[in-house]
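Here is the structure we will look at.
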Ligand code: NDP
């Protein structure tokens, strides 16, 4: 059972004499920086001079070049996109790391895949929010916090877990629960959730319902365009995936629980497919493919995005959203 840490388990005073450097002021960077500042801690921001730096200054932070922020801060929250971090780390972070600093990653990716190998004289930890940046800020402000997965990969100081918990408290995560995990587990679960095929499953279902003569509008409203999905997601969160079933009609519950089951053979086939999804992650094949794709300028991704936006389901979705006034007319 994963250990969960709450506010009472974390000591903010550990950070009182330290400077926290936020590297990157995007989705997570801005939210975590503001939360830490509101927790009474000393926060500086490292970013190149552009609109992100301007936003940080506007929010009252001292903004330095990344290398200068790394040199000045004791605890570094690495909050730039995962695919950018290895090169930024090599050129602007690693050369300025000195003994006793703490590197806080927001995802397990680069350490799990060894795309970044920090020096042995720093602590290497992870606080991976299970929440988008706006939710990180909102959870702090409304006092509910948000959950995150935490991990210690390298404990040079002997205090790495305590520092991790203090930072997690400062950003508001021990209010929602900081769950002990590992860089590997975070990466596998996160990538699996993205790779198992939700978008394509919905689109396949759309195609089949169109073949059955259903209108695009009825299908889209049924799947997600009505907003009912938001209410369902809330019920999953508040009541639980199975325990929220009584909110639905008996016909719906019977259909979801009994009729939708796969045959034993189909079930085995689907499990085998999902195991291949895991294998693609744990073997390193995904990271290799993604790195090669980026080096080539993302040709496959760009082609698929263009094709996918032209799929009838998405074309009909745009038309519906225009008619409902959700997006601007063409
Ligand atoms: P963003 O895309 O919002 O990061 C933007 C920031 O990265 C800006 O400050 C930008 O500044 C900087 N940046 C982008 N490109 C470069 C570059 N080439 N060199 C230097 N800085 C650059 O990132 P997120 O907040 O989405 O993600 C940050 C981390 O948080 C990642 O590890 C991610 O996995 C993790 N995470 C994200 C979640 C989310 O909901 N977004 C949820 C949980 C974890 P500039 O362009 O000026 O350089």
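In the numbering used here, the protein residues as written are 4 to 333. Heads up, the beta-carbon is just placed ideally off N, CA and C, and yes, glycines get one too.
Residue 38 burial status per 10 Å Cβ neighbour count (16 or more: buried)
buried
Compute the minimum distance between the beta carbon of residue 170 and the heavy atoms of ligand 1, and state whether it is under 7 Å.
no
Say yes only if the C-beta of residue 28 is nearer than 7 Å to one or more non-hydrogen atoms of ligand 1, and no if none qualify.
yes
Given this structure, state the Cα-to-Cα distance separating residue 177 from residue 171, to the nearest angstrom.
6 Å
Kindly provide the ranges of any alpha helix (DSSP H) runs that are 4 or more residues long and lie completely inside the segment 205-291, ordered along the chain.
219-223, 231-241, 253-257, 267-285
Does the distance from the C-beta atom of residue 149 to that of residue 136 stay below 8 Å?
no
Taking only three categories from DSSP, how would you classify residue 90?
helix
Going along the chain, which unbroken runs of the beta strand (DSSP E) with 3 or more residues stay wholly within the segment 116-164?
126-132, 151-157
Would you say the beta carbon of residue 32 is closer than 7 Å to some non-hydrogen atom of ligand 1?
yes
Counting beta carbon pairs with one atom in the segment 55-65 and one in the segment 77-94, are three or more of them shorter than 8 Å?
no
So for residue 75, helix, strand or coil by DSSP?
helix
Please name the residue, chosen from 203, 252, 89, that lies closest to residue 308 on a Cα-to-Cα basis.
203
Verify the contact flag: residue 128, CB atom, against every heavy atom of ligand 1, threshold strictly below 7 Å.
no
Three-state secondary structure (DSSP) of residue 67:
strand
For residue 2 and residue 238, I'd like the C-alpha separation in whole angstroms.
Any property of residue 2 remains undetermined from this structure, which presents the chain solely from 4 to 333.
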